[in-house]
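One structure below.
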Amino acid sequence: MKKNNTLKKQKNMKLYNKHIFTSFFMVSVIATGALVAIPKTTQQLFNFEGINFGSQSEAVEYALSNSRKLESSDRNYYYKYNNNVYSFSERNDVIDKMILDSQLKEESTYKNVNDYVISNSGELSANVKTENNGQLKKVYKGRNGFSYVDIDEAAKTFQNYDEVILMENLNKNSTEQLEFYNESEAIQYLENMKKESLENGEESDCYLVSGSCQDEGAVKQWLKSSSTYKYRYKDYEWSNFAPANLQSINLTSDDQVYKDNIFPFEPNKTAYWININNLGFGSYSGSQYIETNEAEDTIDGKIQKGWKLKEETKINALLSSMMFMSEMYNGLDSLTRALNDKTEAWTLEKDVFNNNTDEFNFFKENVANLADIDLEADDDGLNLKKFEDEINSKAKDMDSQTKTLVFFRKLSNLSLVKNNLGSDGKDGDMQKFEDECKKVLKQVITSDDERMEEIYAELFDINNPKIGVNDIIDVFLNPSSFQYKKDDTRLAFVNVIKKTTELGDAIMNPMSGLDGLVSKYYDAKGRPKDVEVTYEDKLTIVEAQNQVIKNKYKESDMILLDDGNFYSREKVIEKNYERTNDIAITAERKITTTKPAAKAGLENLTGKFNTAQQIWDLGNKLSPYKYKTLGIDFGDGQEILYTYLSIGYFGWELHKPSPGKALTKMKLYDSVNTNQNESGFRVRGSYFTNQIDAINYLKTLMIRDPEEYTEIQQFNISIMDKTEEGIINNDTENYLSKEEQLDIFIDQIFQKYYANMKQKYFTDGFGNKFDNSIDALNSMRENITKRNFVKKYQWKDKDSIKRNYDSFEEMITVQNNYIKNTYINEKVVLSSDLIANTNFDKLDAQNGGQNKFYSIVDGSRQRYFKTYDDAYYFVLRKNNFELNIDEVVNYQITYNGEVFASEEEFINWVRENTKVVNGKEMVH
1 MKKNNTLKKQ KNMKLYNKHI FTSFFMVSVI ATGALVAIPK TTQQLFNFEG INFGSQSEAV
61 EYALSNSRKL ESSDRNYYYK YNNNVYSFSE RNDVIDKMIL DSQLKEESTY KNVNDYVISN
121 SGELSANVKT ENNGQLKKVY KGRNGFSYVD IDEAAKTFQN YDEVILMENL NKNSTEQLEF
181 YNESEAIQYL ENMKKESLEN GEESDCYLVS GSCQDEGAVK QWLKSSSTYK YRYKDYEWSN
241 FAPANLQSIN LTSDDQVYKD NIFPFEPNKT AYWININNLG FGSYSGSQYI ETNEAEDTID
301 GKIQKGWKLK EETKINALLS SMMFMSEMYN GLDSLTRALN DKTEAWTLEK DVFNNNTDEF
361 NFFKENVANL ADIDLEADDD GLNLKKFEDE INSKAKDMDS QTKTLVFFRK LSNLSLVKNN
421 LGSDGKDGDM QKFEDECKKV LKQVITSDDE RMEEIYAELF DINNPKIGVN DIIDVFLNPS
481 SFQYKKDDTR LAFVNVIKKT TELGDAIMNP MSGLDGLVSK YYDAKGRPKD VEVTYEDKLT
541 IVEAQNQVIK NKYKESDMIL LDDGNFYSRE KVIEKNYERT NDIAITAERK ITTTKPAAKA
601 GLENLTGKFN TAQQIWDLGN KLSPYKYKTL GIDFGDGQEI LYTYLSIGYF GWELHKPSPG
661 KALTKMKLYD SVNTNQNESG FRVRGSYFTN QIDAINYLKT LMIRDPEEYT EIQQFNISIM
721 DKTEEGIINN DTENYLSKEE QLDIFIDQIF QKYYANMKQK YFTDGFGNKF DNSIDALNSM
781 RENITKRNFV KKYQWKDKDS IKRNYDSFEE MITVQNNYIK NTYINEKVVL SSDLIANTNF
841 DKLDAQNGGQ NKFYSIVDGS RQRYFKTYDD AYYFVLRKNN FELNIDEVVN YQITYNGEVF
901 ASEEEFINWV RENTKVVNGK EMVH
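Have a look at this one:
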């Protein structure tokens, strides 16, 4: 006898609150003892299976007490949208329909979208769409700091020249060109020194150049002025003194110059810290420090609804190594660092420079001079005092070294934003700034573990520019980003990865000895077997953990335990032995205890080792454990990963995780309000959203500072229809300035072409030669009267080398080319901004493209959002998108081999099989 009867219970739950399980629960109540029958007076009775009862209800009660009840439940998962129902597998389809119906689309503007944010959901004011978009204008920075739309006008501000009078040098011990800056001084020299020389019958050394008699100094100065610097990269040659064509420099991403100077970069964003309070299954790792342009409500939505299963191919050696190093520093190493006084606030001077005021002030000066950031100013993006107050009030439980890393992250990001589009100048200041930050961070990020110090030495190496300050901070704050790092960055970390992997194997290897023990007490589905863990096996667990403790900590280390006190390594091991009777191990090889009280003292340490062990297993291909990893993606490679042992049963997972429950966010600081919101490229401290712009900027640097980039650097001069060249040497060990090297080169040219042409003549000081002193003296007087001085237009290049020209037009043409190639910065700005402000440094640089924002239709209203995710999660919230659950509970009752579909069916069957009789009731 069997019928289908289904009782339904409707429940609505949010996706992150559900726990899915399938269970079978059987309760049996068996009558015990003998039936004792005592006859009563004769009456109408109810007989069921030979037993008389005083009422029908007594017969039913008896039957129920001797039956077995079986209860089972099924759950159906579905979504609702617009009065339609969608299955669990159609989740993406229903979301796609919501997005389609909302007409979500990308729009763009030249304006800074950060100026239009009006809510925590990332919504923008409608003005972002309605206000005039403006036009793009390229402007050039003059020497006075003003912006010019005409490069020639900007070049004029750099023009600097003198009109000089060249004169024969009568000092026989000098080969310098004699110059005067006014005629009266020149006349005085001629009437005194030259006149006396001629009257004494002294002849002059004369070298004929273009028919003019000149001394050695004049000839060499002429050669200097005629020389140029020639540079070559691949097959393109150029000089600072002639227009250079950027497009002729063949620079590609395969070139070493590119690899050494252009790196992917994520611009400054709002920073959050994700607190983790994990008391359940699995382990969290990855990026607790998050930088994003997304709104707070969007972050909350991702924490609860944004978890997705990670592909196993993403959990690679680089990621697991970086996560392991991060866990070593933030987890296990943190237990040997002295506790900060909770009442003492973090400050840069105290916690980074140990209250050394001189070093602190020197650092602030470097930041101002190299990165153009005033840490004491209110309007420069990072006021140190305000940052200290903000981080201390918002992140009270964050340790001092993490606060230091957060500070340097904001400082590094701000330096790139402020020095975007090449405004860092030509002296490599931003690379010097990066090196200075590395040195300071290396003093802060230390470990008592010598093996970690070896890894840090590789990490902070200032001779490896491929590892930038932000890469270093990623290791400790955002290790999950390394799964997306490009090959060039991975290559830069080769030694770091190798040493970290060796360290992980050395520390965690004893845990592999517990593999057989776990399988002894848990079945293949992760369910505990009905077997008590023996004392010997408990001791094995404790000894394995103690060996890991010995592998990680030195004998002299003092380790922080849960009571707030520090203990020696041997004392920690002793305390671990004391809890042997209460030790336990989970199916995922996490060590725990059976009694909460027994955890006191070692819970924190054990938890950190458990997390390190699971991270180590992720990168260990020989691990017998099958883990699954869920990731919540905050963009740009920033993820929090949740790893748990995957145990399946009939296609479902036991202990379905709800990782979002353990996470809460904390805002650390707002982004600098600029329009640099897109991913881009870092080039020597400058930031670009477009790779082509980054390459062109590097080409500009190659022209400005060719000594640092080009394959060949030469002095070049054309003389007597010949070209002479000399190598420019930048050897730092035997350093000679460019001017000193040019003097040597010019002297070689002089010796080759002019030294043997020397003749003796009487000269008048104006380039004319005579056979007697009387004619020379008369010519001098006549030329003084007529003011026939040899005048030149002179200017100095960046190496302080004087260059003389016969005409102003020739001089200004060459100088302008040199100025444009060497000094002038440029950027693209909005024409409306240029009207309001002409200060070049104060104008926001446009990246050449437009800034994205997103619009949706909400009923009859148009809404605008800063990011796609802001709009996406708004649509989900607006439509109350959540997982609905129908729980179907099935009941069955068995009685003496009969099966009934429900209690009601069974009761009816009892009634049908009960007979009314006359007799005496039996008391039983």
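Take 1 as the starting number for the sequence shown in full-length UniProt numbering and just add one per residue. We put the CB at the ideal spot given by N, CA and C, even for glycine.
Where residue i and residue j are concerned, what is the direct C-alpha to C-alpha distance, given to the nearest angstrom?
| i | j | result |
| --- | --- | --- |
| Asn495 | Arg863 | 50 Å |
| Asn879 | Arg589 | 42 Å |
| Arg91 | Gln304 | 16 Å |
| Val542 | Ile885 | 43 Å |
| Asn369 | Leu382 | 15 Å |
| Lys220 | Gln177 | 8 Å |
| Tyr77 | Lys667 | 35 Å |
| Glu536 | Ser568 | 26 Å |
| Glu107 | Val128 | 10 Å |
| Ser67 | Phe906 | 9 Å |
| Gly651 | Lys308 | Only weak support exists for where Gly651 lies, its pLDDT of 34 falling under 50; the coordinates are left without a value. |
| Thr867 | Val518 | 47 Å |
| Tyr148 | Leu843 | 12 Å |
| Lys40 | Asn896 | Here Lys40 scores only 47 on pLDDT, less than 50, and its place in the model is too uncertain to base an answer on. |
| Ile262 | Val367 | 22 Å |
| Tyr761 | Ser210 | 16 Å |
| Ile290 | Glu453 | 26 Å |
| Thr592 | Thr336 | 22 Å |
| Thr785 | Asp833 | 58 Å |
| Val683 | Leu414 | 14 Å |
| Glu49 | Thr594 | 49 Å |
| Thr723 | Lys699 | 27 Å |
| Leu104 | Tyr854 | 7 Å |
| Ser807 | Gln815 | 12 Å |
What do you get for residue i, buried or exposed, if any count of 16 or more other CB atoms within 10 angstroms of its CB means buried?
| i | result |
| --- | --- |
| Ala772 | Correcting the residue type first, residue 772 is Asn in the shown sequence and not Ala. Exposed, because fewer than 16 other Cβ atoms sit within 10 Å of the Cβ of Asn772. |
| Asp300 | buried |
| Gly660 | buried |
| Tyr140 | buried |
| Lys403 | buried |
| Thr763 | buried |
| Arg409 | buried |
| Arg787 | exposed |
| Glu912 | exposed |
| Asp869 | buried |
| Tyr735 | exposed |
| Ser861 | Note on identity: in this sequence residue 861 is Arg, with Ser being the wrong assignment. Its Cβ having fewer than 16 others within 10 Å, Arg861 is exposed. |
| Phe362 | exposed |
| Ile728 | buried |
| Gln288 | buried |
| Pro706 | buried |
| Glu388 | buried |
| Asn192 | exposed |
| Asn354 | exposed |
| Gly859 | exposed |
Going along the chain, which residues of its own chain have a beta-carbon closer than 7 Å to the beta-carbon of residue i, five neighbours each way excluded?
| i | result |
| --- | --- |
| Glu365 | none |
| Gly765 | Met167, Glu168, Leu190, Lys194 and Met780 |
| Val94 | Tyr79, Tyr81 and Tyr86 |
| Gly635 | Thr292 |
Who are the near neighbours of residue i in its chain, counting only those whose CB is closer than 6 Å to its CB and skipping five residues on each side?
| i | result |
| --- | --- |
| Asn821 | Asn240, Ala244 and Ile703 |
| Leu223 | Ile746 and Ile749 |
| Ala345 | Asn392 |
| Gln135 | Ser831 |
Starting from the C-beta of residue i, find all residues in its chain whose C-beta is less than 8 Å away, skip the five residues before and the five after it, and write them out in chain order.
| i | result |
| --- | --- |
| Ala544 | Pro510, Met511, Gly513 and Leu514 |
| Gln741 | Phe715, Gly726, Ile728 and Asn729 |
query = Hey, which unbroken runs of the alpha helix (DSSP H) at 4 residues or more fall wholly within the stretch 166-238?
reply = 183-189, 195-199 and 216-226
query = Are three or more beta carbon pairs between the stretch 500-511 and the stretch 320-331 nearer than 8 Å?
reply = yes
task = Could you tell me whether the stretch 601-611 touches the stretch 574-582, using the rule of 3 or more Cβ pairs below 8 Å?
result = yes
query = Three or more C-beta pairs closer than 8 Å, one from the stretch 684-694 and one from the stretch 708-728: is that the case here?
reply = no
task = Would you mind listing the beta strand (DSSP E) stretches within the stretch 715-761 that are 3+ residues and don't spill past its ends, in chain order?
result = 722-727
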